[in-house]
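**Q**
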Amino acid sequence: MQCAELRQASQDGEPGTTVRVQLRVVAQGQPAEGPVTGADRKPAPKEDVAILELQEPFPNAQVLDVRLEPPTADATVLVLGYPRGRMQAAHGTVREARDRPGKFAGLTLLEVEGDNRLLLDGGTSGAPVLDCRQGHVIAVLNGLLTGPSLPFLPSERSVVPTPWGSPTNTAVPAATLAAITSRIR
Numbered sequence: 083m084q085c086a087e088l089r090q091a092s093q094d095g096e097p098g099t100t101v102r103v104q105l106r107v108v109a110q111g112q113p114a115e116g117p118v119t120g121a122d123r124k125p126a127p128k129e130d131v132a133i134l135e136l137q138e139p140f141p142n143a144q145v146l147d148v149r150l151e152p153p154t155a156d157a158t159v160l161v162l163g164y165p166r167g168r169m170q171a172a173h174g175t176v177r178e179a180r181d182r183p184g185k186f187a188g189l190t191l192l193e194v195e196g197d198n199r200l201l202l203d204g205g206t207s208g209a210p211v212l213d214c215r216q217g218h219v220i221a222v223l224n225g226l227l228t229g230p231s232l233p234f235l236p237s238e239r240s241v242v243p244t245p246w247g248s249p250t251n252t253a254v255p256a257a258t259l260a261a262i263t264s265r266i267r
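Quick note, this note's numbering runs 82 ahead of the 1-based positions in the sequence shown.
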């Protein structure tokens, strides 16, 4: 376990708040021994998570309800995150919720709607995926899906969104997160 601090920005003239947390990193569904880097990752992103345990209450925090049932295909969702350090909200649709074998086994596939299909990139991992009908957390965002790169652009600038009507992001379902949490307690 590692100690960390969460900071809440100041609001309405009130000073900011700092809360200490314990950070546990889970890799491949098991508590990690020591630091974990990208090189340590195996092909099961649905089981690589960090769990924050608050040591004291976080003032004025709003706890979101979690729904463990898998989302239904075509459900409308809202994702709130901080890509590149800026608060962003993206509406989307669940494109595939069933568990299937292969590269995306156990993950929910989402399509972000709107002009910027690459909106949920760079800093949005771990963002809650909310069911718009009931406001419950149904998953946690964990990846961006892209199309083939453009050969005439440098690799860092050739991120191409997936075609319209296809998934743009992957998310770990809430039931998977609950199962991992219960295994490590």
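Ideal Cβ placement from N, Cα and C applies to all residues, glycine included.
The structure displayed is predicted, hence computed values, not measured ones.
Can you list, in chain order, the residues of its chain whose CB lies under 7 Å from that of Leu150, leaving out five sequence neighbours each side?
**A** Counted from its first residue, the sequence shown places residue 150 at position 68. Within the same chain, Leu150 has close Cβ partners Ala256, Ala257, Ala260.
**Q** Where Val148 and Val219 are concerned, what is the direct C-alpha to C-alpha distance, given to the nearest angstrom?
**A** Translated into the one-based positions of the sequence shown, residue 148 becomes position 66. Translated into the one-based positions of the sequence shown, residue 219 becomes position 137. Going from the Cα of Val148 to the Cα of Val219 covers about 5 Å.
**Q** Going straight from the alpha carbon of Thr99 to that of Cys85, what length do you get?
**A** The residue you call residue 99 lines up with position 17 of the sequence shown. The residue you call residue 85 lines up with position 3 of the sequence shown. Near 16 Å, if we compare the C-alpha coordinates of Cys85 and Thr99.
**Q** Got a sec, what are the start and stop residues for the beta strand (DSSP E) Leu162 sits in?
**A** To locate residue 162, count along the sequence shown from 1; it is residue 80. Where Leu162 is concerned, the enclosing beta strand (DSSP E) stretches over 158-163.
**Q** Given a threshold of 16 other Cβ atoms within 10 Å of its Cβ, counted over all protein chains shown, does Gly95 qualify as buried or as exposed?
**A** To locate residue 95, count along the sequence shown from 1; it is residue 13. Answer is exposed; the Cβ neighbour count stays below 16.
**Q** Can you tell me the Cα-Cα spacing of Pro210 and Met169, whole angstroms?
**A** If you number the sequence shown from 1, residue 210 lands on position 128. If you number the sequence shown from 1, residue 169 lands on position 87. The straight-line gap from Cα to Cα measures roughly 13 Å.
**Q** Straight-line CA distance for Ala253 to Leu189?
**A** In the sequence shown, residue 253 corresponds to position 171, counting from 1. In the sequence shown, residue 189 corresponds to position 107, counting from 1. In a straight line, the C-alpha of Ala253 is about 6 Å away from that of Leu189.
**Q** In angstroms with no decimal places, state the Cα-to-Cα distance between Ser248 and Pro97.
**A** For the purposes of this step, residue 248 is identified with residue 166 of the sequence shown, where counting begins at 1. For the purposes of this step, residue 97 is identified with residue 15 of the sequence shown, where counting begins at 1. Rounded to whole angstroms, Ser248 to Pro97 spans 44 Å at the Cα level.
**Q** Since Leu191 and Pro165 are thought to touch, with beta carbons under 8 Å apart, how far apart are those beta carbons, to the nearest angstrom?
**A** As a first step, residue 191 is located in the sequence shown; it is residue number 109 there, counting from the start. As a first step, residue 165 is located in the sequence shown; it is residue number 83 there, counting from the start. That belief does not hold up - the Cβ atoms of Leu191 and Pro165 are roughly 19 Å apart, past 8 Å.
**Q** Helix, strand or coil for Arg102 per DSSP?
**A** As a first step, residue 102 is located in the sequence shown; it is residue number 20 there, counting from the start. Of the three classes helix, strand and coil, the one that applies to Arg102 here is strand, per DSSP.
**Q** Once DSSP output is grouped into helix, strand and coil, what is the label at Ala261?
**A** Position 179 of the sequence shown, counting from 1, holds the residue named residue 261. Ala261 falls in the helix class under three-state DSSP.
**Q** Can you tell me whether Arg180 is helix, strand or coil according to DSSP?
**A** Here the question's residue 180 lines up with position 98 in the sequence shown. It is coil, neither helix nor strand.
**Q** Measure the beta-carbon distance from Thr187 to Pro152 and round it to whole angstroms, keeping in mind my assumption that it falls under 8 Å.
**A** For the purposes of this step, residue 187 is identified with residue 105 of the sequence shown, where counting begins at 1. For the purposes of this step, residue 152 is identified with residue 70 of the sequence shown, where counting begins at 1. Checking the sequence shown, residue 187 turns out to be Ala, not Thr. The Cβ separation is near 14 Å, so there is no contact.
**Q** Alpha carbons only, please: which of Thr250, Gly217, Ala155, Thr158 is nearest the one belonging to Gln144?
**A** By one-based count along the sequence shown, residue 144 stands at place 62. The shortest C-alpha separation from Gln144 is found at Gly217.
**Q** So, with DSSP's three-state summary, where would you put Gly167?
**A** To locate residue 167, count along the sequence shown from 1; it is residue 85. Gly167 falls in the helix class under three-state DSSP.
**Q** Following the continuous beta strand (DSSP E) through Val211, name the residue where it begins and the one where it ends.
**A** The residue labelled residue 211 in the question sits at position 129 within the sequence shown. 210-213 is the extent of the beta strand (DSSP E) around Val211.
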